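Heads up, my numbering is the position in the sequence shown plus 19, with the first residue counted as 1. Quick reminder that beta carbons are idealized off the backbone N, C-alpha and C, glycines included. As the structure is a prediction and not an experimental result, all values here were calculated from the model. Shown next, in structure tokens, is the structure this report addresses.
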Amino acid sequence: MSQAQYLNNQIEQDHRGIKQRYYPMRGFGNVDAASHFCRAFDEQRDYFRVRTAMCQPIPPLAEQRREYCARWTALKSELLAA
């Protein structure tokens with residue numbers, strides 16, 4: 020029941036990304052370096068995250084893993100080609 024309380028607040032649902040970024044950023048001495056890291060981190064997080072609409076069931080872990088591996092393979096091949 021406590022999970023349903025915040026279903027209308029997407030920012031509340033997506034707070035983990037900020038928590039994952041906050042601790043490593045404390046070591047940056049330069050604001051530009053921290054900004055560059057945050058942009059890159061957000062981009063890779065959005066690329067690999069599971070895309071579901073609110074109130075939709077999350078796909079099974081096996082399906083998530085297959086999609087992650089497919090995206091990782093595509094990214095590696097793009098980086099090797101560059």
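Checklist entry - Excluding sequence positions up to five away, which residues of its chain have a Cβ less than 7 Å from the Cβ of residue 67? => result Working through the sequence shown from its first residue, we reach residue 67 at position 48. Correct list, in chain order: 87, 90.
Checklist entry - Going straight from the alpha carbon of residue 59 to that of residue 98, what length do you get? => result Locating residue 59 in the sequence shown gives position 40, counting from the first residue. Locating residue 98 in the sequence shown gives position 79, counting from the first residue. Those two C-alpha atoms are separated by around 15 Å.
Checklist entry - From residue 70 to residue 51, what does the alpha carbon distance come to, in whole angstroms? => result Along the sequence shown, read from residue 1 onward, the residue named residue 70 stands at position 51. Along the sequence shown, read from residue 1 onward, the residue named residue 51 stands at position 32. C-alpha separation (whole angstroms): 30 Å.
Checklist entry - From residue 83 to residue 46, what does the alpha carbon distance come to, in whole angstroms? => result Taking the sequence shown and counting its residues from 1, one reaches residue 83 at position 64. Taking the sequence shown and counting its residues from 1, one reaches residue 46 at position 27. Taking the straight line joining both Cα atoms gives about 32 Å.
Item to check | Limits of the unbroken alpha helix (DSSP H) element including residue 164 | outcome: Residue 164 is absent from the structure shown; the chain starts at 20 and stops at 101.
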